[in-house]
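Read left to right, the sequence shown gives residues 157 to 370 (my numbering).
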Amino acid sequence: MKLLKTSGLLKIALTVATIATIVTYSTSKAYVLEGVKWNHNPTFHFDLGSPIGSVLNDGNTSWDQAALPVVGMWNQVIGSIRIAGVVGSGAASNGDGVNTLCFASSMFGQSFGSSTLAVTYYWYSGGIESEADILFNRAQNFDSYRGNLRFGSNGYAVADIRRVLLHEMGHSLGLDHPDQHGQHVAAIMNSVISNTETLQPDDIAGVQSLYGAP
Numbered sequence: 157m158k159l160l161k162t163s164g165l166l167k168i169a170l171t172v173a174t175i176a177t178i179v180t181y182s183t184s185k186a187y188v189l190e191g192v193k194w195n196h197n198p199t200f201h202f203d204l205g206s207p208i209g210s211v212l213n214d215g216n217t218s219w220d221q222a223a224l225p226v227v228g229m230w231n232q233v234i235g236s237i238r239i240a241g242v243v244g245s246g247a248a249s250n251g252d253g254v255n256t257l258c259f260a261s262s263m264f265g266q267s268f269g270s271s272t273l274a275v276t277y278y279w280y281s282g283g284i285e286s287e288a289d290i291l292f293n294r295a296q297n298f299d300s301y302r303g304n305l306r307f308g309s310n311g312y313a314v315a316d317i318r319r320v321l322l323h324e325m326g327h328s329l330g331l332d333h334p335d336q337h338g339q340h341v342a343a344i345m346n347s348v349i350s351n352t353e354t355l356q357p358d359d360i361a362g363v364q365s366l367y368g369a370p
């Protein structure tokens, strides 16, 4: 029997104070696992498209090209599988066996809510994944940039597509939110977007507990 689980729900930051509570966490090991993993090399189909009439802050003219480096960021720290990323596949479909990344107006018909940036849906049986779809909330303000979070005039963070995908792909690999399980650690896998934009020791330790080191 195949089972569906929703993971992610990465939340947008509202204030700089919210960010500070994340980046001042300790560096102790506190990763939390979802209880699922891949037993083969997954291919993710990028179908994010291009920003309309604009260039992203990092110079990219394609959301897909801005986000693709995330594949290599995870690959360089894991051993037993290799993630592949290809551009172009069509919109995500619930349970079609294709791992798709795309912007969406809802979570397969359910509301994202006002603060959710993205969510990962995955299908699994016996703890082994067969599909993972990553949906980005079309209603949120995204860009692609490096460094600390940037904020719009409304006081909300402008979501960096790359760090959001880095977080969501961590869910697809089997990692959960440490901060929602009583842990206090610097991690890309915390549930609120922050100044953290790269994998942290806790993230790496968690994924290597599943797939080994390179």
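Heads up, the beta-carbon is just placed ideally off N, CA and C, and yes, glycines get one too.
Residue i versus residue j - alpha carbon distance
i: D252; j: D289; result: 10 Å
i: V320; j: H196; result: 24 Å
i: L355; j: I349; result: 13 Å
i: S267; j: I360; result: 32 Å
i: S281; j: S309; result: 45 Å
Integer Cβ distance of residue i from residue j, believed to fall under 8 Å
i: I237; j: F200; result: Actually they are not in contact, since the Cβ atoms of I237 and F200 sit about 12 Å apart, beyond 8 Å.
i: L189; j: G362; result: 7 Å
i: D358; j: A343; result: 5 Å
i: T272; j: N293; result: 6 Å
i: L401; j: C258; result: This structure leaves residue 401 out entirely; the chain is present only between 157 and 370.
i: A222; j: I317; result: 5 Å
Cβ neighbours of residue i in the same chain (closer than 8 Å, five flanking residues each side left out)
i: K193; result: G283, I284, E285, L329, G330, L366, Y367
i: G235; result: Q364, Y367, G368, A369, P370
Contacting residues, own chain, Cβ-Cβ under 6 Å from residue i (five flanking each side not counted)
i: V227; result: I239, G241
Residues of its chain near residue i, where Cβ-Cβ distance is below 7 Å and the 5 sequence neighbours each way are ignored
i: S206; result: T217, S218, W219
i: N231; result: R238, I239
i: R302; result: D214, E353
i: N255; result: P198, T199, F200, H201, E287, A288, D289
i: Q336; result: S347
i: A442; result: As displayed, the chain neither begins before 157 nor continues past 370, which places residue 442 out of reach and without an answer.
i: V211; result: T217
i: N250; result: F264
Test: residue i CB closer than 7 Å to a CB of chain C
i: H333; result: Absent from the structure is chain C; it holds one protein chain and no more.
**Report entry** Runs of alpha helix (DSSP H) lying entirely within the region 177-265, each at least 4 residues, in chain order
**Finding:** Runs found: 219-223, 225-231.
Report task. List in chain order: all unbroken alpha helix (DSSP H) runs of 4+ residues lying wholly within the region 282-332. Result -> Listed in chain order, they are 317-329.
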